[in-house]
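Everything on this sheet refers to the single structure shown next.
Residue numbers (our numbering): 531 to 847.
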């Protein structure tokens, strides 16, 4: 049975614009993602459901591609009868676990200082709290992982596609080649692989390396159409992925050339690469910078040295 995918476009207060949620009508009525917790988003969501002769009460379950606020906030409208399904790493974010929030703040404080960022008082706390502004307070009822099938839509294969978020999942309909991809690949912008606080006692995940591996994986899949979290549907994902790789390579090379000239901290590099943007989007631009440094370190093109608790980077001879 060919399953209809209904796209809902929900406004967000973010520069990326509307976020897409998808309704699947199979043995269950499933919503993939929702939208941010704003009045505009609530109104658009309810109105668009009505246009498809649906209401919130018809939704049996919500499946999350990842935990970011623009994809989860409206869960607050759907409690308690709707089951929330997703990666286990969604839980501390969508439940707004206070101990986890503190761990995020502590991680960022330590790491940013190592990276040479001159932090203002309470800046890391502000950045972390801001990321929850339009989010929800909910819980994951059912955990899914790589290789599982979507309940009620068994032809959808669950895939773990980390990079943009550690909790990121995508879903491939093996009968049609339709692929619900969250923020894995977008036409409008390059998805930013974001830094995240690791589990206690674990190493930080290298988001950009993970993201590149997830994109490489897409090249090997029998995908016809990608239903993304933002922007237009994607029908020629190979070309778009190649474009993304070229852009990443160019940025890594720019960074390498800078480090050939002189030793720099991650913050020095960030300021040089994003002279205007870094002040208003410190977390995003530092995530990008750290990602490219991880790539260059993995390729053994640069080395990292620590002096007085601060990390410096230089090109290898």
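Using N, Cα and C, we set each Cβ at its ideal position, and we do this for glycine too.
Counting along the chain, where does the alpha helix (DSSP H) carrying residue i start and finish?
i	result
residue 819	812-828
residue 762	That residue, residue 762, is in no alpha helix (DSSP H); it is neither H nor E in DSSP.
residue 545	Here residue 545 belongs to no alpha helix (DSSP H), and DSSP marks it neither H nor E.
residue 783	767-791
residue 643	628-644
residue 797	796-803
residue 710	Taken as a continuous stretch (DSSP letters only), residue 710 belongs to no alpha helix (DSSP H), being part of the beta strand (DSSP E) at 708-712.
residue 576	569-581
residue 659	653-660
residue 742	737-749
residue 622	621-624
residue 599	599-602
Taking the beta strand (DSSP E) that residue i belongs to, which residues open and close that run?
i	result
residue 847	No beta strand (DSSP E) holds residue 847; DSSP gives it neither H nor E.
residue 539	535-540
residue 561	559-562
residue 591	591-593
residue 613	613-616
To the nearest angstrom, how far is it from the Cα of residue i to the Cα of residue j?
i	j	result
residue 649	residue 619	28 Å
residue 706	residue 556	14 Å
residue 750	residue 728	29 Å
residue 642	residue 558	45 Å
residue 741	residue 771	11 Å
residue 853	residue 625	In the structure as shown, the chain begins at 531 and stops at 847. Residue 853 is therefore absent and cannot be evaluated.
residue 617	residue 668	14 Å
residue 644	residue 695	22 Å
residue 824	residue 537	36 Å
residue 534	residue 799	47 Å
residue 539	residue 545	15 Å
residue 632	residue 809	23 Å
residue 660	residue 542	15 Å
residue 758	residue 674	20 Å
residue 591	residue 671	10 Å
residue 782	residue 775	10 Å
residue 493	residue 609	This structure does not reach residue 493, given that the chain is present from 531 up to 847, and the question cannot be answered.
residue 629	residue 621	13 Å
Strictly by DSSP, which residues pair up with residue i?
i	result
residue 683	680
residue 689	700
residue 836	841
residue 554	535, 560
residue 672	615
residue 717	Paired residue(s): none; residue 717 is not in a bridge.
residue 755	708
Below 8 Å CB to CB, which residues in the same chain sit around residue i once its five sequence neighbours on both sides are set aside?
i	result
residue 786	826, 831, 832, 845
In chain order, what residues of the same chain lie with their CB nearer than 7 Å to the CB of residue i, ignoring the 5 residues before and after it?
i	result
residue 654	635, 638, 639, 642
Here's a check: name, in chain order, each residue in its chain whose Cβ is nearer than 6 Å to the Cβ of residue i, leaving out the five neighbours to either side.
i	result
residue 821	723, 737, 738
residue 562	552, 593, 710
residue 789	832, 843, 844, 845
residue 657	813
residue 691	698, 700, 714, 744
residue 754	707
residue 647	797
Measure from the C-beta of residue i to each C-beta in chain C and report whether the shortest distance is under 8 Å.
i	result
residue 787	Although the question refers to chain C, the structure presented lacks it and comprises just one protein chain.
The region 570-579 / the region 671-687 touching (three or more Cβ pairs under 8 Å): no
Meets three-Cβ-pair contact criterion under 8 Å: the region 552-567 and the region 594-607: yes
The region 809-817 touching the region 719-727, judged by at least three CB pairs closer than 8 Å: yes
Inter-stretch contact (C-beta, 8 Å, three-pair minimum) for the region 758-768 and the region 800-814: no
Cβ contact check for the region 786-800 and the region 833-844: 3 or more pairs under 8 Å: yes
Cβ contact check for the region 539-550 and the region 586-597: 3 or more pairs under 8 Å: no
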